[in-house]
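Colleague:
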Amino acid sequence: MNVVSDKLTSLLFDQRPELLVLSRWVDFGDRVLDLGCGNGVLLRYLQKQKAVRGYGLEIDEDNILECIQSGINVIEQDLNQGLHNFSDLSFDVVVMTQALQAVRYPERILDEMLRVGRTCVVTFPNFGYWKIRMQLAVFGKMPVSKALPFSWYDTPNIHLCSFKDFESLCLHKKISILHRCVVDHAYQDSLVLRLWPNFFGEIAIYHITKC
Amino acid sequence: MIDTLSKDSVGLVATHLETFNVPVLLACGRKLNQFVLSYECYGALNADKSNAILVCHALSGNQHAAGFHHVEDVKPGWWENCIGPGKAIDTDRFFVLCSNNLGGCHGSTGPNTFNSDAKRPWGPDFPIVTVDDWVKTQSILADSLGINRFVAVIGGSLGGMQALQWAISYPDRLKHAVLIASAPKLSAQNIAFNEIARQAIMSDPGFHHGHYYDKGSIPKKGLILARMLGHVTYLSDHAMRLKFGRELKNAQYQFDFDIEFQVESYLRYQGEAFSEKFDANTYLLMTKALDYFDPAAKTNNNLTEAFRSVQCGFLVISFTSDWRFSPKRSVEIVNALLAANKVVSYAEIEAPQGHDSFLLKVPRYQAILKAYMERVADECGF
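Residue numbers (the working numbering), protein chains in the order written: chain A, 1 to 211; chain B, 1 to 382.
#1: Can you list, in chain order, the stretches of the alpha helix (DSSP H) that have 4 or more residues and sit fully within the stretch 193 to 246 of chain B?
#2: Just curious, the alpha helix (DSSP H) that ARG24/A is in, first and last residue?
#3: Less than 8 angstroms between the C-beta atoms of ILE140/B and VAL316/B, yes or no?
#4: Among the residues of its own chain, which have a CB less than 8 angstroms from the CB of LEU136/A, if the five just before and after it don't count?
#5: Using alpha carbons as the reference points, say which of ASP34/A, LYS50/A, LEU46/A and ARG16/A lies closest to LEU28/A.
#6: When the distance is taken between beta carbons, is VAL151/B closer than 8 angstroms to ALA52/B?
#7: Of all the CB atoms in chain C, is at least one closer than 8 angstroms to the CB of ASN300/B?
#8: Residues bridged to LYS164/A by DSSP?
#9: Excluding the five sequence neighbours on either side, which residues of its own chain have a C-beta within less than 7 angstroms of the C-beta of SER456/B, listed in chain order?
#10: Considering only residues of the stretch 79 to 133 of chain B, which uninterrupted beta strand (DSSP E) runs meet the minimum length of 3 residues and lie entirely inside it, listed in chain order?
#11: Which residues in the same chain as ALA306/B place their Cβ atom closer than 8 angstroms to its Cβ, once the five residues preceding and following it in sequence are excluded?
#12: What is the rounded straight-line gap between the Cα of ARG120/B and the Cα of ASN33/B?
#13: In whole angstroms, what is the alpha-carbon distance linking GLU40/B and ASN190/B?
#14: Could you tell me which of ALA102/A, GLU112/A and ASN73/A sits nearest to ARG31/A, measuring between CA atoms?
#15: Checking 8 angstroms against the spacing of the C-beta atoms, do SER330/B and SER321/B come in under that value?
#16: With 8 angstroms set as the bound, which would you pick, yes or no: does the beta-carbon of LEU338/B sit closer than that to a beta-carbon of chain A?
#17: Pick out whichever of SER70/A, ASN80/A and ILE68/A has its Cα sitting closest to the Cα of PRO156/A.
#18: With a threshold of 8 angstroms, are at least 3 pairs of Cβ atoms found where one atom belongs to the stretch 60 to 72 of chain A and the other to the stretch 89 to 101 of chain A?
#19: Quick check on SER326/B: does DSSP put it in helix, strand or coil?
#20: Measure the CB-CB distance between LEU158/B and LEU290/B and report whether it falls below 8 angstroms.
#21: How big is the Cα-Cα spacing for PRO205/B and LYS49/B?
#22: Quick check: the stretch 63 to 71 of chain B against the stretch 99 to 113 of chain B, are there 3 or more CB pairs under 8 angstroms?
#23: Are SER236/B and LYS249/B touching if we call contact CB-CB under 8 angstroms?
#24: Give every residue of the same chain whose Cβ lies closer than 8 angstroms to the Cβ of LEU25/B, excluding the five residues on either side of it in the sequence, and list them in chain order.
#25: Among PHE166/A, GLY40/A, LEU110/A and LEU43/A, which has the Cα closest to the Cα of CYS120/A?
#26: Which residue wins for smallest C-alpha separation from LEU65/A, given the options GLN262/B, VAL376/B, ALA371/B and ILE333/B?
#27: Which value, in whole angstroms, describes the spacing of the CA atoms of TRP122/B and GLN47/A?
#28: Here's a check: name, in chain order, each residue in its chain whose Cβ is nearer than 8 angstroms to the Cβ of VAL362/B, leaving out the five neighbours to either side.
#29: For VAL334/B, I'd like the list of residues in its chain whose CB is within less than 7 angstroms of its CB, leaving aside the five on either flank, ordered along the chain.
#30: Nearest chain A C-beta to VAL343/B closer than 8 angstroms, yes or no?
#31: My output table needs one value for MET1/B: the three-state DSSP class, helix, strand or coil.
#32: Just to make sure I have the definition right: I need the residues of chain A whose C-beta is within less than 8 angstroms of the C-beta of TYR365/B. Which are they?
#33: Given a cut-off of 8 angstroms on the beta-carbon distance, is the pair ILE205/A and GLU18/A in contact?
#34: Thinking C-alpha only, which one of SER9/B, THR304/B and LEU267/B is nearest CYS82/B?
#35: Rounded to whole angstroms, what is the Cα-Cα separation between MET1/A and ILE59/A?
#36: Once DSSP output is grouped into helix, strand and coil, what is the label at GLY11/B?
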């Protein structure tokens, strides 16, 4: 790995740690759509490492500027309006990290992702994480954690679920789970997480498909 | 005055005239055996002539995009906000070329130039020109300057349409196309506004079926009306409210048909000033070129198909309050490019000034354009 990619990798690990996991599920030359692409670091990395062709959707002005500065294809588009401008199965991978819980209609966006992408990657914080359960059960208060750092009254996270909830949705919608990786807030994997993911896992990275 | 010019201006510039003795077949089927294009350029063309940018002007624009013609000039070129040393289109890195479109009235062959066959000014006999024709003649100008490939072709409004046409007509002659406040074709409403403007001009008693040059008159009233109408479509309701509200010219109502509100005064002033410097026949031609522009017409009205062969990267920018070419129109272009799997970025700029925003100092717009162009310059090593 050259110096540039090294720098990029560490940048990536700071800003989009889930990428190191999900990049395993991206093939060389894939077409990738990144929903809520931030400053485009994920696409930059995938372009360098896997020569993907892709677009990022973003609404934050500073992020859009940064994408343009770094030569990433970025489209100013609100995810809540859906993906009507993308045709069926026009991407190999559609990625949405840490946004499922913040969109107005998670089910609709999932449908849209699975319509547009051959496979999809979603990540979200686990509301079944033991510390979160504790806060509600013991203190009777809405949980605040590293993965969910907002107070109830100003949180962008309006559709929280546990891994179990998500998986029953997948079952209900006949979505196949290709891979699942459960990690803690530092994006570390461990045996405990693998054994009791819905209790000890903080963030899950799901690789799903309907094909 | 020139010595008060800021360092980020290209400073004093001159218009060049180039005569082309090559016959050019126009989209309307007519042929011009010879034509002149007037153009300006800023910055230095590098040794391998690879750092050239073509800037395309809009309806009422011309080749004078930046800098000043005389030390006494009060107003700089029309895109001074974006072209100059260190600006978004950085003349320290790029060679910037801007020509007056064929049919224009600022030096290029057009209705107000002499038709040697008829021994009189062309007037209404000048062929109808299209965006295709402009792009074709611009490419001939590029040939004459030894420019094989533009780093970017950039334009706002009708200028953006030319950039779009460049990408389709000459896919290997540009690396990037920047389309600002543009549209893939006119809507019925757009055409309607153009038709009203044309009728205003053509029904002016001074129009003389377009041969007014011989009569020593101009269809001034008609041109003023056309411009007043156009101007309203360039501004937003919000911008007009902010600028004029219901502000009166006098302290109280006069109860007559003279200018009562400031907005009336402004529009008349704008129309009057425009009628002094623009040719009515050119105005007619430009509006027709807008109406006819429809690059998807050749591909069964499928814009994605029209983009199949394009190779350049695109930056598309729209403004929220622009209702002449609203963000939706830019999104049509973007979606077709996405469907054709092309390189494209899109930004929708929050700005209250309407269509005119593309000429103004809108910070986010300028930052994005600058970022894109810097990236282009960096990747080319300029």
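C-beta atoms are modelled at their ideal positions from N, C-alpha and C, and glycine is treated no differently.
Modeller: Taking the definition as stated:
#1: 220 to 234 and 237 to 243
#2: Looking at the DSSP string, ARG24/A is not in any alpha helix (DSSP H), and its letter there is neither H nor E.
#3: no
#4: MET142 and PRO143
#5: One detail in the question is off: residue 28/A reads as Phe in this sequence, not Leu. The candidate whose alpha carbon is nearest that of PHE28/A is LYS50/A.
#6: yes
#7: Considering every chain present, this structure includes no chain C. Its protein chains are A and B.
#8: Answer is none; LYS164/A lacks a bridge partner.
#9: It is not possible to answer for residue 456/B, since the shown part of chain B is limited to 1 through 382.
#10: 95 to 99
#11: ILE168, PRO295, ALA296, LYS298, THR299 and ALA336
#12: 17 angstroms
#13: 30 angstroms
#14: ASN73/A
#15: no
#16: yes
#17: ASN80/A
#18: no
#19: coil
#20: yes
#21: 50 angstroms
#22: yes
#23: no
#24: LYS31
#25: LEU110/A
#26: ALA371/B
#27: 55 angstroms
#28: PHE319, ILE349, ALA351 and GLN353
#29: VAL316, VAL344 and TYR346
#30: yes
#31: Note on MET1/B: pLDDT 48, under 50, position unreliable in the model; no value is reported.
#32: Correct list: empty, because the minimum Cβ distance to chain A is about 11 angstroms.
#33: yes
#34: SER9/B
#35: In this prediction, MET1/A has a pLDDT of 42, which is less than 50 and means its spatial position is unreliable; what the coordinates show is noted afterwards. The alpha-carbon atoms of MET1/A and ILE59/A are separated by roughly 32 angstroms.
#36: coil
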